[in-house]
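Below is one structure, written out as structure tokens; comments come after it.
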Amino acid sequence: MFDLRPFRRRNEDLFERFKKVFDDVFENDFLPDLGQDFKSLRTDITETKDAYIVQADLPGFNKDDVQIDIENNYLTIRAKRDDQTEERDENDRIIRKERHFGEFYRSFYIHDVDQDRIEAELENGVLKITLPKLQPGDDSSSRRIQIK
């Protein structure tokens, strides 16, 4: 049935929860439940008459941090950011550092794509890869895609 509890007790529970959140802010991760989802690339794939378009969110990455490869009909997007050590003097110290570093990647099986005409660009943290559809009789091979 329903959980019947006195009104005052429920309010105290609510205030205790808020107190715990604010007390733990410098001791625990702000987003502990994200787990593996945080490390995967968020992508959108759309199809037009002539091409497939893959868009991946890569905020904070430069094009030199991103690698796009096609091998055996798999498109792989790889982004890597290294943790940089910061030196601070005693008047300027890091209390909390929440930037995540590491390698992110995502692979997609693709076919019927003209690999020689694939284009990629990274703008405002969004990687856009245009995969022109293969015309009948065309051939494809493995190669690395340059980012504009």
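Taken in order, the sequence shown gives residues -1 to 146; the numbers are from this note's numbering. Note that CB positions come from ideal geometry on N, CA and C, so glycine has one too. Computed from a predicted model, the values in this text were never measured in an experiment.
Leaving aside the five residues before and after residue 30 along the sequence, list all residues of the same chain whose C-beta is less than 7 Å from its C-beta, in chain order. By one-based count along the sequence shown, residue 30 stands at place 32. Since pLDDT at residue 30 reaches only 45, below the 50 mark, its modelled position is unreliable, and no value is offered.
Determine the DSSP secondary structure at residue 53, reduced to helix, strand or coil. On the sequence shown, position 55 is the one that residue 53 refers to. In the structure shown, residue 53 sits in a strand (DSSP, three-state: E or B).
Pairwise C-alpha distance: residue 117 and residue 48: Here residue 48 refers to the residue found at position 50 when the sequence shown is read from its first residue. Here residue 117 refers to the residue found at position 119 when the sequence shown is read from its first residue. Cα to Cα, the separation comes out at about 13 Å.
Whose C-beta lies closer than 6 Å to the C-beta of residue 79 among residues of the same chain, with five residues either side of it excluded? Along the sequence shown, one-based indexing puts residue 79 at 81. Closer than 6 Å at the Cβ level, and outside the excluded window around residue 79, lie 63 and 99.
What number of angstroms, rounded off, separates the C-alpha of residue 149 from the C-alpha of residue 101? Since the first residue of the chain shown is -1 and the last is 146, residue 149 is not available in this structure.
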